[in-house]
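A.B. asks: Numbering (our numbering), first residue to last: 16 to 179. Even glycine gets a Cβ: it sits at the ideal position worked out from N, Cα and C. Keep in mind the model is a prediction, meaning the values are calculated, not measured.
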């Protein structure tokens, strides 16, 4: 019976040794899996940090571009205001010296009236309606008072030299 007990103990010890080896192998496999998971987490963190850095850089670039665009826009606005002031000053000079009055009569159409041209009759009005021609890139003029025989030639010159 002692022999049977020893055999049973030996079998139990062998089984415990086998279980310990399996446990050690499973533990080693778990350690490998944990190491891989940890390495993957480190890689994901690196990718996330790199992506964050790229996005922050892009945001900073966009912010700088926006500031530059806003500066350019402000410069253009100031230039436009300066141009408007120059045009208003120019028109005021003609208004004071020739009695120029410009009235918008329709889209892309203005009436130019001068009231200080005739020294003998300062209230006499000289006027013309000028608009962008519908059929071409030039201007058309009508309702000229008093009638101006040179109007067709002057209009042709204006349309030939649009910057004049």
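#1: What does the alpha-carbon distance come out to for the pair residue 29 and residue 44?
#2: Alpha carbon to alpha carbon, how far is residue 62 from residue 248? Give it in angstroms, no decimals.
#3: Exposed or buried, which one is residue 31 when buried takes at least 16 other CB atoms within 10 Å?
#4: Counting beta carbon pairs with one atom in the region 86–98 and one in the region 116–123, are three or more of them shorter than 8 Å?
#5: Since residue 36 sits in a beta bridge, which residues does DSSP pair it with?
#6: Decide if residue 170 is buried, meaning its Cβ has at least 16 other Cβ atoms within 10 Å, or exposed.
#7: Since I believe residue 153 is in contact with residue 131 (beta carbons under 8 Å), could you give me their beta-carbon distance rounded to a whole number of angstroms?
#8: What did DSSP end up calling residue 76 once you bin it into helix, strand or coil?
#9: Nearest-angstrom Cα distance between residue 129 and residue 77?
#10: Go ahead and pull the three-state DSSP assignment for residue 132.
#11: Do residue 141 and residue 161 have their beta-carbon atoms positioned less than 8 Å apart in this structure?
#12: Would you say residue 147 and residue 156 are within 8 Å of each other, going by their C-beta atoms?
#13: Could you say which of 137, 119, 133 and 134 lies nearest to residue 143 if we only look at CA atoms?
C.D. replies: According to the structure shown:
#1: Residue mapping note: residue 29 aligns to position 14 of the chain shown, counting from 1. Residue mapping note: residue 44 aligns to position 29 of the chain shown, counting from 1. Going from the Cα of residue 29 to the Cα of residue 44 covers about 22 Å.
#2: Since the displayed the chain opens at 16 and closes at 179, residue 248 lies outside it and no answer follows.
#3: The residue given as residue 31 occupies position 16 in the chain shown. The residue in question, residue 31, is exposed, as its Cβ has fewer than 16 Cβ neighbours within 10 Å.
#4: no
#5: Taking the first residue of the chain shown as position 1, residue 36 is located at position 21. None, per the DSSP bridge assignment.
#6: The count along the chain shown starts at 1 and reaches residue 170 at position 155. Classification of residue 170: buried, given that the 10 Å Cβ count is 16 or more.
#7: For the purposes of this step, residue 131 is taken as the residue at position 116 of the chain shown. For the purposes of this step, residue 153 is taken as the residue at position 138 of the chain shown. Wrong, their Cβ atoms sit about 29 Å apart, outside the cutoff.
#8: Your numbering for residue 76 matches position 61 in the chain shown. DSSP places residue 76 in helix when its eight states are reduced to three.
#9: Within the chain shown, residue 129 is the residue found at index 114, counting from 1. Within the chain shown, residue 77 is the residue found at index 62, counting from 1. Taking the straight line from one Cα to the other gives about 53 Å.
#10: In the chain shown, counting from the first residue as 1, residue 132 sits at position 117. Three-state DSSP puts residue 132 in coil, outside helix and strand.
#11: As a position in the chain shown, residue 161 is number 146, starting the count at 1. As a position in the chain shown, residue 141 is number 126, starting the count at 1. Yes. Within cutoff.
#12: Working through the chain shown from its first residue, we reach residue 147 at position 132. Working through the chain shown from its first residue, we reach residue 156 at position 141. Their beta carbons are not under 8 Å apart, which means residue 147 does not touch residue 156 by this criterion.
#13: Here the question's residue 143 lines up with position 128 in the chain shown. That would be 119, whose Cα lies nearest to the Cα of residue 143.
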